[in-house]
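Protein chains in written order, with the numbering used here: chain P, 1 to 193; chain G, 1 to 891.
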Amino acid sequence: MTTSKGLIEAINGPADIRKTSKKCVVNRRTFLLTSGIATATVMVAMHTSEGLAKVPALVATYERKLIGKLSELKVDEPLDFNYPDEGAYSDSMIVKLGKQAGGGIGPDKDVVAFNYICTHQGGPLHGTYKPNDKALGPCPLHLTTFDLTRHGMFISGQAYQSLPQVLLELEGDNIYAVGMFGLIYGRYDNLKG
Amino acid sequence: MGTPYYIPETNIPLPPVNADIITTACDYCIVACGYKVYRWPVKGGAQGGPTADENAFGVDFPVDPLGSWVAPNQYNVVMHNKEPHHVIIIPDKDNTTVNMNGDSSIRGGAIAQKVYNPQTPTRDRLKSPMIRMFGTLMPVSWDFALDIAAEVGKHVIKKHGANAYGVKTFSYGFMENTYAISKFALRHISTANFTFHDTPSDVTSTPGFRDAGFDNFGPSYQDWHDADTLMICGTDPYESKTILFTQWIMPAIQNGQKTIFLGPRRTAGIAYAEANGGLWIDLQPGTDLPVVSAIARVIVENGWEDKEWIKKWVNNKFESSSGFGQGTRNTPWQWRTTWGKFQTKDYDDWKKWLLAQDFSDPQTAADIAQIDVQKIYTAAEWLAKPRADGTRPKSSIMIEKGFYWSNNTGNTNAISSLGITVGAGGRPGQVIGRAGGHQRGGLRGGKYPRNKSPEKLPGRRRRAMDTDRYLMAGHTRMAYVIGNTWIQAMCASQNLASKFEELTVQNEHQIRSFDKQEIIDTLKKRADSGGTVVISQDIYLIDPIGARYSDIIFPASGWGEHDFTRANGERRLRLYSKFYDAPGEAKPDWWIAAQLGKKMGFDGFDWENSNDVLEEASRFSRGSRKDFYMLHVAAKKEGITLHEKFGQYGTDGIQGPVMMMEDGTLEGTVRLHDTTRTLPETGPAAANVFNKKLTHFNTQTGKNNIQKAPWSLFSDYWEWMKPREGELWASSGRINERWQSGYDDRRRPYIVQRWPENWVEIHPEDAKARGIESGDYVMLYSDRIPVQVDTIVGIEGDDFSFTKLMENGHIELTKAAITAVAIVTPALKKGVMYMDFLHTAQPANALTGRVVDWISGNYNYKMGVGMVKKIGVSPYKNDFRSMSFARRDIV
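Encoded structure:
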């Protein structure tokens, strides 16, 4: 599993991409590497086990994970966390949009959480939150943008599916991640890798 | 959280190591990215694993960015050899020429959802021929339907003449099909009532290019990348030919390419260019000509023109009128010069003309276009101002429909002259051409019989028939409609639809019998009574041409269901492989045309498979931009089929025209008009064709004709059309995520959630003035949609000008109305509305005038106009599961 190296290469232009073209389109500054990306050990353990039959992943199989407190969220200030594990592409963000959103929790139904990896070709959306548009993007690779008020639906661009939405539950002031809608980039199964 | 309308999957099966791998190319936009199909049987339950040695990709999961990831939309189940198979269709990660590293758009990226699977919304593919009996389309056998179509067709031709048999076909649905269809329609029936999906007449799309000597698709993608300054008119390649932008233009912008966009709407690619120092010239619809002319004027006034290039490559006084004007040469350039409006003696003559025009004055042009005049000066500098060391910027010019469907002749005249002035055309990184819309799959199996056309213009030449006007006049007694909507794709669509209604379902002769002969007799009576018999041949039932107006339905098969060939926007030819079985009795278009031809008594339709068709057709490609005849020669030598030969080139293909070298190897053509290319000294040996366009331009001398571009030929129409009190421009075009009429996208839940129905973008100030908010339902309407009626014989030079047509009563004003969901966005010029160009239920073209460009015969589709008012609130306004109202130009 060479994801973190791969991601960095995608950003800076790996040897073989640089060789074939002037086509590396990502600016290093646009990507903030987070700690979760490099921890491959969890994943290795996970994708050795069971059979690979195509069974819909049940929400119940996801870990219920405490990711923050509602009272600590400020409008338009995303907080990062990892979900559904600490493995590759688990980078996620939670944000209080200040505007009601699909799947939003809290008294204003405006707190939502999404995976950070573009569902086109794996570009990093870290640091691309746009408060005016309540959007993530454009992806530094191919410019896709995602509407966070609409379940991560693309606004404009090339993504093969909506940005995976982390399902949230509120218990008192505690916010729990309890599941996901949509396959995380790079994985063949959200819970297996 | 409730259940979203579209529930994405959270896992995907991986292909086992022994999965079949089949190469193909995308079916959609002009770029035609390379794709790989991974196919393995459902039977046995085999699946790949997440480590490199366990799956057909040979990669570990999770994969790297840009890796062989499979989104759930890239997976499907198909029938192959009548057994269910899994398929995964992803962009080819090994492609080195088009979509390097396996890049793709959202359209091609989700192409696996296109294939027939009765468990998905593709379940309504047409699966058997149908005849409308007792008012209902009922499945029948092929023989039953073909016999009826053939008998009625023969009768119509015999009794009413070949022109009474209209054929309206796609121009691009693979070379095998277009060859067979045009062989049927043009070589055998020889009807002038023939045209393609996007034009009322079989005429050139870019008359100015044609007369200047530029091929539409001369440039290579590398050229667009290599330009120092790239002017893009009437399109954002990011939106409609994505990979051309993300793989070629976007990296160039990062390396300092100066990009100039011309158009009224700001989209993601334009926003990206602007954020990186690019220029957006935000003109109002139809005003390109004055702006382009003003840019040219600033260049010549400063002496920035490419003098050496002009001296060598622009026709002088004698060359300009050589080779025509005498006798019957009948070239388009000849007859257009009959008007005396376009031809120049030489560059200096053109310059003199340009400087004398009011509209080419920068401030005047800026006032007409409602733009900041400084943008004209900046564009001129970027395109042509020599650097301090005396070197020139390499400038290229790209045009597309927003530009050439606004003032078809004038805009293409003006841009050609600007291109010549800055030295574009004929050198690496210095090119001029079209970006392209659909792919290039046309191959002529017959010659258009222009002399049979009733369109007689002043001067000596006939122009191809206006098939819409001919139908409106009641002359089309049988209409064979292949792979297109006809009605909604044409201007003043609703007026056209009502005529179809009258000629078909309102005619008294309707099939009320089970007996084949009685059915045939009824349809013959329909034709004889002045009505029209319609055949719709398509993959889905099209409303209304198929669903309401057709008597006969032929189910077609297509992409992935047979081996086919086609070229992309840099003439790159590829094999599109068969990888699954077509549904039901659906047949390829070439087969249907062949059966109909045979039943009508025509010869030359005895093909066994699509390779047979292409092998016959190959010689008709000779001399064209797609010339692949030498592939056929090579295939014969190797003892393989032509399709097999194409297959050897994989997803990289080979660029036409293809020539065979002395050692028997094949060489493609990077760019046309390549003045830097040296052709083999042996000359056009064997069956090779060396024609002028390889190293020169398509003109009488091989040099460019520099043309005048008079604004007055169009300005009367523009003045009449432009919004009056309360009205707004109602323009249209492609939206990135939806292809053509949405025939596939309407059947993809992922795309439907985003674009559930027609929408219209409105500028915030225009919206506010009308009390419209994003998500409101609005009515767009007009009671002054002009429709040109009567086929007249032109005598005087201006008989066909809009002013004269109006004066002489040949323009009728009609009403139209369509609904849409409003999207209020500042990414649009004030005074302009913008819609998807082809929603079958709410067609934008309803609001466009059916008045052809009077020089070329094309429609100016982008020039719609209408009122807009709120009629209520759409369900999307306050629901989070469908549509997004966020702006598309976020940077």
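Each residue gets a CB set at the ideal place from its N, CA and C atoms; glycine is no exception. Because the structure is a prediction, the values reported are computed rather than measured.
Best match in the options for proximity to residue i [C-alpha to C-alpha]
i                    : options                                       : result
proline 121(G)       : Lys692(G), Leu575(G), Tyr6(G) and Lys241(G)   : Tyr6(G)
glycine 483(G)       : Gly726(G), Lys829(G), Trp559(G) and Trp759(G) : Trp559(G)
threonine 119(P)     : Asn691(G), Gly849(G) and Ala71(G)             : Ala71(G)
glycine 108(G)       : Lys241(G), Asp879(G) and Gln357(G)            : Lys241(G)
proline 237(G)       : Gly208(G), Ala271(G) and Tyr743(G)            : Ala271(G)
glycine 429(G)       : Gly410(G), Leu457(G), Gly402(G) and Ser395(G) : Ser395(G)
proline 194(P)       : Tyr188(P), Leu167(P), Lys74(P) and Asn115(P)  : The first residue shown for chain P is 1 and the last is 193, placing residue 194(P) beyond what the model contains.
valine 292(G)        : Arg462(G), Lys82(G), Gly656(G) and Trp711(G)  : Trp711(G)
leucine 230(G)       : Ser406(G), Val314(G), Lys722(G) and Leu418(G) : Leu418(G)
arginine 770(G)      : Gly872(G), Arg210(G), Lys636(G) and Ser801(G) : Gly872(G)
tryptophan 720(G)    : Asp143(G), Ala686(G), Asp64(G) and Gly849(G)  : Gly849(G)
phenylalanine 196(P) : Glu72(P), Leu73(P), Val75(P) and Ile94(P)     : No answer is possible for residue 196(P): the residues shown for chain P start at 1 and end at 193.
arginine 734(G)      : Gln119(G), Asp346(G), Met660(G) and Glu400(G) : Glu400(G)
leucine 908(G)       : Asp228(G), Asp124(G) and Gln439(G)            : A query on residue 908(G) cannot be resolved here, the shown segment of chain G reaching from 1 to 891 and no further.
alanine 380(G)       : Asp563(G), Lys352(G) and Asn302(G)            : Asn302(G)
lysine 134(P)        : Gly68(P), Arg150(P), Leu168(P) and Leu141(P)  : Arg150(P)
Own chain partners of residue i with C-beta closer than 6 Å, once the 5 adjacent residues on each side are dropped
i                : result
isoleucine 8(P)  : Only weak support is given to the placement of isoleucine 8(P): the predicted model assigns it a pLDDT of 41, under 50, and the value that follows is read from those uncertain coordinates. Closer than 6 Å at the Cβ level, and outside the excluded window around isoleucine 8(P), lies no residue.
serine 321(G)    : none
glutamate 761(G) : Ile823, Thr825, Leu828 and Tyr834
leucine 672(G)   : Asp215, Gly218 and Lys693
valine 55(P)     : Below a pLDDT of 50, predicted positions are generally treated as unreliable, and valine 55(P), at 38, falls in that range; the measurement from the model is reported next regardless. Counting only Cβ-Cβ distances below 6 Å, and skipping sequence neighbours, we find nothing.
glycine 327(G)   : Any reading at glycine 327(G) needs caution, since the residue's pLDDT is 37, under 50, leaving its predicted position unreliable; the model's value is listed next. If we look at glycine 327(G) and ignore the five residues flanking it on each side, it has no Cβ neighbours.
valine 59(P)     : Annotation note: pLDDT 40 at valine 59(P) (below 50); position unreliable, no value reported.
Own chain residues within Cβ distance below 7 Å of residue i, not counting five before or after
i                 : result
asparagine 190(P) : Ala57, Pro84, Met180, Leu183 and Ile184
proline 386(G)    : Trp304 and Arg392
arginine 548(G)   : Val505
threonine 814(G)  : Ala492, Asn495, Ile785 and Val787
glutamate 319(G)  : Thr701 and Lys703
proline 843(G)    : Gln488, Ser493 and Ile818
tyrosine 221(G)   : Leu244, Trp248 and Glu570
Contact set for residue i: own chain, Cβ-Cβ below 8 Å, skip 5 residues either direction
i                 : result
asparagine 845(G) : Gln488, Ala489, Met490, Cys491, Ala492, Ser493, Ser732, Phe837, Leu838, Tyr861 and Gly864
aspartate 349(G)  : Lys317
glutamate 455(G)  : Ser201, Arg462, Arg463, Ala464, Met465, Asp466, Thr791 and Gly857
lysine 645(G)     : Leu631, His632, Ala634, Ala635 and Glu638
glycine 186(P)    : Thr3, Ala88, Tyr89, Ile117 and Gly122
arginine 566(G)   : Ala25, Ala32, Tyr172, Phe174, Met175, Gln439, Arg440, Gly441, Leu573, Arg574 and Tyr576
Residues that residue i bridges to, as DSSP identifies them
i                    : result
isoleucine 553(G)    : Met130(G) and Ser536(G)
arginine 747(G)      : DSSP, once it has assigned bridges, lists no residue as partnering arginine 747(G).
phenylalanine 273(P) : Residue numbering for chain P in the displayed model covers 1 to 193; residue 273(P) lies beyond these limits and cannot be assessed.
arginine 39(G)       : Asp20(G) and Val87(G)
asparagine 11(G)     : Asp189(P)
serine 731(G)        : Tyr834(G)
tryptophan 280(G)    : Phe261(G)
glycine 179(P)       : Leu167(P)
aspartate 80(P)      : Met93(P)
phenylalanine 602(G) : Phenylalanine 602(G) is not bridged to any residue.
leucine 169(G)       : The sequence shown places threonine at residue 169(G), rather than the leucine named in the question. Its beta-bridge partners are Phe196(G) and Ile482(G).
glycine 974(G)       : It is not possible to answer for residue 974(G), since the shown part of chain G is limited to 1 through 891.
Contact test: residue i Cβ vs the ligand MN heavy atom, cutoff 7 Å
i               : result
tyrosine 777(G) : Ligands are entirely absent from the displayed structure, and the ligand MN is therefore not among its contents.
- Query: If you pair each beta-carbon of the region 721-741 of chain G with each one of the region 862-876 of chain G, do three or more pairs fall below 8 Å?
  - Reply: yes
- Should the region 128-136 of chain G be regarded as contacting the region 506-525 of chain G, the criterion being three or more beta carbon pairs within less than 8 Å? yes
- Taking the runs of the beta strand (DSSP E) that are 3 residues or longer, which of them lie wholly in the region 794-856 of chain G? 811-824 and 832-836
- Item | Start-end ranges of the beta strand (DSSP E) lying completely within the region 200-257 of chain G, minimum 3 residues | 229-233
- Can at least three beta-carbon pairs, one atom from the region 137-154 of chain G and one from the region 455-470 of chain G, be found at a separation below 8 Å? no
- Query: Should the region 109-116 of chain G be called in touch with the region 20-28 of chain G, which here means at least 3 C-beta pairs below 8 Å?
  - Reply: yes
- Item | Touch test, the region 204-212 of chain G against the region 848-858 of chain G, Cβ-Cβ under 8 Å, three pairs minimum | yes
- Whole runs of the alpha helix (DSSP H) within the region 408-450 of chain G, excluding any shorter than 4 residues: 408-421
- On the three-pair Cβ rule with 8 Å, is the region 264-284 of chain G touching the region 672-687 of chain G? no
- Would the region 272-289 of chain G and the region 357-375 of chain G be scored as touching if the rule is three or more Cβ pairs under 8 Å? yes
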